[in-house]
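A.B. asks:
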Amino acid sequence: MVGAEANELMLFDRNKTFSSEQGWGPVLDKLFPRGLMLIDFDHHRTDRRALSIAFKPEPMRHYSGALNRGIADEVAGWADKPMQFYPAIKKLTLDLAADSFIGIEWGPEADKINEAFVNMVQASVAPVRKPLPFTLMRKGVKGREFLVEYFTKETLRRRKEGGGQDMFSQFANATHEDGSLLEVDEVVDHMNFLMMAAHDTITSSATSLIYLLAKHPEWQDKLRQEILATTGGLNADGTPRDIAYEDLGKLELTEMAFKEALRLIPPVPSMPRRALKDFEFGGYTIPAGAQVGINIAMVHKMEEYWDEPEKFDPMRFTPDKVKARHKYAWVPFGGGAHMCLGLHFAYMQIKVLMVHVLSQYSIEIADNYDPDWKAWPIPQPKDGLNVTFKSL
Ligand code: HEM
4 MVGAEANELM LFDRNKTFSS EQGWGPVLDK LFPRGLMLID FDHHRTDRRA LSIAFKPEPM
64 RHYSGALNRG IADEVAGWAD KPMQFYPAIK KLTLDLAADS FIGIEWGPEA DKINEAFVNM
124 VQASVAPVRK PLPFTLMRKG VKGREFLVEY FTKETLRRRK EGGGQDMFSQ FANATHEDGS
184 LLEVDEVVDH MNFLMMAAHD TITSSATSLI YLLAKHPEWQ DKLRQEILAT TGGLNADGTP
244 RDIAYEDLGK LELTEMAFKE ALRLIPPVPS MPRRALKDFE FGGYTIPAGA QVGINIAMVH
304 KMEEYWDEPE KFDPMRFTPD KVKARHKYAW VPFGGGAHMC LGLHFAYMQI KVLMVHVLSQ
364 YSIEIADNYD PDWKAWPIPQ PKDGLNVTFK SL
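For the working numbering, count along the sequence shown from 1 and bump the result up by 3.
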């Protein structure tokens with residue numbers, strides 16, 4: 004189904020017509036069962052409410068510290084040499100997740116977890132759906148076994164000893180409305196799912212924003228000005244200053260540029276559901292049992308909602324322009340009950356990244372460089388995106 008009305012009908016789901024569990028199930032349920040997108044309605048509502056404690060201001064402030072530290076260290080090493088951005092940000096995002104999501108230091112333990120996790124994600128979209136020897140699915144199932152064992156052991160330990168401020172420790176001690184803890188295997192499944200939901204989406208969108216800014220140096224200047232005015236410039240030794248959690252909201256242009264990157268190259272280009280009842284759309288009756296989906300990548304470029312849809316123009320996201328547009332014309336994070344739980348985390352990581360990149364570098368690519376993008380399962384430049392971060 005295509006159009007802002009279609010997005011609203013399916014995502015807002017006023018009449019509880021659409022099952023996310025049965026829509027995403029065929030792709031995700033072998034490796035990420037019982038994650039939030041794989042449960043519906045009342046069960047989904049109570050679990051989501053319990054998990055949302057990990058996204059309250061206090062834990063978010065803690066993650067912002069971890070992001071500033073990790074990103075500053077890594078980005079300092081990107082100076083003045085040609086590099087592929089996509090694999091670099093993928094690795095950095097995994098390492099940052101070890102710290103903010105799991106509360107462990109970068110090192111051999113984090114590397115093992117990352118490897119198991121990457122195998123699981125690759126398996127979820129592998130063509131062979133059975134864990135036969137030497138297949139990606141087999142590696143993914145093994146990765147899942149490893150992570151289930153690790154998170155189970157750690158959930159019990161963190162309940163006994165108390166945990167840190169990381170996301171996993173918050174989940175381990177999250178409670179339902181009646182005060183009862185989540186079952187241990189629920190914590191484990193939610194944790195696995197959340198890492199998957201966060202990882203390639205941030206990696207893809209950071210890559211598209213870097214690419215679009217490289218193509219539009221005038222926007223690098225605007226964002227840099229905003230960033231330096233907010234952080235107060237550079238440290239005495241010339242390194243970028245961190246951005247305080249309280250100041251993230253001041254990076255308005257940076258946020259608008261990110262939104263425009265999410266419009267042009269949405270990490271989740273389409274979303275599936277299964278109809279549980281008959282419903283009407285566009286003059287048709289669609290029967291219960293039908294697999295349905297929306298294509299948001301297409302809606303993000305429809306002339307009906309966007310002037311010159313191919314043009315990179317962050318000013319589309321000024322408050323006035325947003326107000327004047329259909330609310331469901333731009334939905335990179337979905338909407339309704341299943342709307343992305345981690346969107347503020349995503350904005351935060353991207354903003355911290357931009358602070359550390361643009362305070363010290365200009366992002367450069369070769370003239371007329373226009374890499375091919377792989378669209379499925381999540382957009383990425385086929386050549387990894389060749390860029391140079393040139394010291395200012
Ligand atoms: C730019 C980055 C991201 C994008 C574009 C994105 C996109 C989405 C979309 C479209 C959905 C809804 C899918 C549907 O309704 O079928 C979703 C759900 C979800 N996302 Fe994100 N996401 C991003 C980052 C993150 C991060 C960083 C986290 C965690 C820290 C996260 C956690 C989740 C979770 C847990 C759900 C399931 C929510 C539910 O079903 O109630 N996402 N995301």
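No residue lacks a Cβ here, since even glycine has one placed at the ideal position from N, Cα and C.
All values reported here derive from a predicted model rather than from experimental measurement.
#1: What number of angstroms, rounded off, separates the C-alpha of D16 from the C-alpha of A278?
#2: Nearest-angstrom Cα distance between V128 and I268?
#3: Taking C-beta to C-beta, are L70 and L99 nearer than 8 Å?
#4: Rounded to whole angstroms, what is the Cα-Cα separation between L184 and F104?
#5: Report the option in G26, L12, E8, L14 whose CA atom is closest to the CA atom of G292.
#6: Note the first and the last residue of the continuous alpha helix (DSSP H) segment covering G146.
#7: Check for me: the alpha helix (DSSP H) holding A232 runs from which residue to which?
#8: Do you know how far the Cα of L237 is from the Cα of T257?
#9: Below 8 Å between beta carbons: does that hold for L12 and F284?
#10: In the DSSP assignment, find the alpha helix (DSSP H) that holds V78 and state where it starts and stops.
#11: Looking at the secondary structure, which residues open and close the beta strand (DSSP E) in which N389 lies?
#12: What would DSSP say about M259, mapped onto helix, strand or coil?
#13: Below 7 Å, is the gap between the Cβ of M4 and the nearest heavy atom of ligand 1?
#14: Should L39 be listed as close to ligand 1, given that the test is whether its C-beta is under 7 Å from any heavy atom?
#15: Taking the beta strand (DSSP E) that Y364 belongs to, which residues open and close that run?
#16: Would F58 and L344 qualify as a contact pair, given that the criterion is a beta-carbon distance under 8 Å?
#17: Mind the definition here: the region 356-374 touches the region 17-36 only if three or more C-beta pairs lie below 8 Å; say whether that holds.
#18: What would DSSP say about S273, mapped onto helix, strand or coil?
#19: Quick one: what's got a C-beta closer than 6 Å to R319's C-beta in the same chain, skipping five residues either side?
#20: Determine whether the beta carbon atoms of T20 and K280 lie at a separation below 8 Å.
#21: Could you check if R132 is buried or exposed, using at least 16 other CB atoms within 10 Å of its CB as the buried criterion?
#22: Locate the beta strand (DSSP E) running through F282, then write down its first and last residues.
#23: With distances taken between CB atoms, is the gap from L377 to K385 smaller than 8 Å?
#24: For E249, which option in M63, S22, S55 has the closest C-alpha, if you only look at C-alpha atoms?
#25: Following a CB-centred definition, is G345 positioned closer than 7 Å to any heavy atom of ligand 1?
#26: With respect to 7 Å, is the separation between the Cβ of V271 and the closest non-hydrogen atom of ligand 1 below this value?
#27: Drop a sphere of 10 angstroms on the beta-carbon of Q228, count the other beta-carbons inside from all chains shown, and report buried for 16 or more, exposed for fewer.
#28: Would you kindly work out how many angstroms separate the C-alpha atoms of G165 and W379, rounded to a whole number?
#29: Apart from the five residues on each side of it in sequence, which residues of its chain come closer than 8 Å, Cβ to Cβ, to I230?
#30: Whole angstroms are fine: how far does the CA of T321 sit from the CA of L226?
#31: Note down the Cα distance separating A239 from A79, rounded to an integer number of angstroms.
#32: Measuring CA to CA, which of P275, F282, R244, K262 is closest to Y350?
#33: Mind checking whether F154 and V124 have CB atoms under 8 Å apart?
#34: Which of helix, strand or coil does DSSP assign to M342?
#35: Buried or exposed for H179, going by 16 or more other Cβ atoms inside 10 Å?
#36: Please determine, among T210, G296, E313, the residue with the shortest C-alpha to C-alpha distance to E8.
C.D. replies: Looking at the coordinates:
#1: Looking at the two C-alpha atoms, the distance is approximately 11 Å.
#2: The straight-line gap separating the alpha-carbon atoms of V128 and I268 is approximately 20 Å.
#3: Taking 8 Å as the Cβ cut-off, L70 and L99 qualify as a contacting pair.
#4: When rounded, the distance between both Cα atoms is 19 Å.
#5: Among G26, L12, E8, L14, the Cα nearest to that of G292 belongs to G26.
#6: Where G146 is concerned, the enclosing alpha helix (DSSP H) stretches over 139-164.
#7: For A232, the enclosing alpha helix (DSSP H) has its first and last residue at 220-234.
#8: Computed Cα separation, rounded: 18 Å.
#9: For L12 and F284, yes; Cβs fall inside 8 Å.
#10: It spans 60-78 - the alpha helix (DSSP H) in which V78 sits, taken as one unbroken run.
#11: Element bounds for N389: 389-394.
#12: Judged by DSSP in its simplified three-state form, M259 adopts helix.
#13: Not under cutoff, so the answer is no.
#14: Checking every heavy atom of ligand 1 against the Cβ of L39, one is found closer than 7 Å.
#15: Looking at the DSSP string, the run of the beta strand (DSSP E) that includes Y364 is 364-367.
#16: The answer is yes: Cβ separation under 8 Å.
#17: The answer is no - the region 17-36 does not touch the region 356-374, with fewer than three Cβ pairs under 8 Å.
#18: Residue state, collapsed to three classes: strand.
#19: Once the five neighbours on either side are set aside, R319 has no close Cβ partner at all.
#20: Contact: yes.
#21: By the neighbour-count rule (16 or more Cβ atoms within 10 Å), R132 is not buried but exposed.
#22: Note, F282: beta strand (DSSP E), 282-284.
#23: Checking the sequence, you will find Lys at residue 377 rather than Leu. Going by beta carbons, K377 and K385 fall inside the 8 Å limit.
#24: The shortest C-alpha separation from E249 is found at M63.
#25: Yes - ligand 1 has a heavy atom lying nearer than 7 Å to the Cβ of G345.
#26: For V271, the CB falls within less than 7 Å of some heavy atom of ligand 1.
#27: Under this definition Q228 is an exposed residue.
#28: Using only the alpha carbons, I get a separation of about 40 Å.
#29: Same-chain partners within the cutoff: I246, L254, T257, M357, V358, L361, S362.
#30: Rounded to the nearest angstrom, the two C-alpha atoms are 15 Å apart.
#31: Spanning the alpha carbons of A239 and A79 requires a straight line of approximately 15 Å.
#32: The option with the nearest alpha carbon to Y350 is K262.
#33: Cβ distance not < 8 Å, so F154 and V124 don't count as in contact.
#34: M342: coil per DSSP, three-state reduction.
#35: Exposed, by the Cβ-count rule.
#36: E8 has its Cα closest to that of G296, out of T210, G296, E313.
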